[in-house]
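Counting along the sequence shown from 1, when you hit position 29 you're at 58 in the working numbering, and nothing is skipped either side. Glycine is no exception: its CB is placed at the ideal position from the N, C-alpha and C atoms.
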Amino acid sequence: IDVVFDNRPIQRFWFLETVARMPYFSYNYMLTLYESLGWWRSSSDTRRVHFAEEWNEVQHLKIMEALGGDKSWIDRFLGRHAALFYLVILNH
Numbered sequence: 030i031d032v033v034f035d036n037r038p039i040q041r042f043w044f045l046e047t048v049a050r051m052p053y054f055s056y057n058y059m060l061t062l063y064e065s066l067g068w069w070r071s072s073s074d075t076r077r078v079h080f081a082e083e084w085n086e087v088q089h090l091k092i093m094e095a096l097g098g099d100k101s102w103i104d105r106f107l108g109r110h111a112a113l114f115y116l117v118i119l120n121h
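Here you go:
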C-alpha cells in the first residue's frame, strides 16, 4: 500500500475505507445466512449496531470520494478488487 499510494493520502484513505467496510458486510451476510437456515436468531439490536458501524464507514467513504479519492480508475480497480477479495476471505 505504501508503494502504490506514496504521496497520495486521500487515495490511500479511500482504498482503506473501501476495504474496511467488508467485515461489516460479512457479518451481516453471515447473520442473514444463519437466520435463513434456522441456525441462529439475532436480535434487531445486533443488526442495528452493525448497520450503524457500516453506515459510519460509508460516511468516511463519501468524504474521501468528495475529496477525489476515487478519481483514478486504477485506484477504484484496486480498492474494489481488494475489497471483494477480502470479503471472500472473510466468508470462506
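Residue from the options whose Cα sits closest to the Cα of residue i
| i | options | result |
| --- | --- | --- |
| V32 | N120, F114, S73, D104 | D104 |
| H29 | E46, F54, R41 | It is not possible to answer for residue 29, since the shown part of the chain is limited to 30 through 121. |
| D99 | V87, R41, S73 | R41 |
Inter-residue Cα distance where the pair is residue i and residue j
| i | j | result |
| --- | --- | --- |
| W84 | L66 | 26 Å |
| R37 | M59 | 35 Å |
| W68 | F106 | 36 Å |
| H89 | Y115 | 19 Å |
| E64 | A81 | 20 Å |
Cβ separation of residue i and residue j, assumed to be a contact under 8 Å, to the nearest whole Å
| i | j | result |
| --- | --- | --- |
| M93 | I39 | 6 Å |
| G108 | V48 | 7 Å |
**OP:** Could I get the ranges of all uninterrupted beta strand (DSSP E) runs contained in the segment 33–86, with 3 residues as the minimum, in chain order?
**Re:** Within the segment 33–86, no complete beta strand (DSSP E) run reaches 3 residues.
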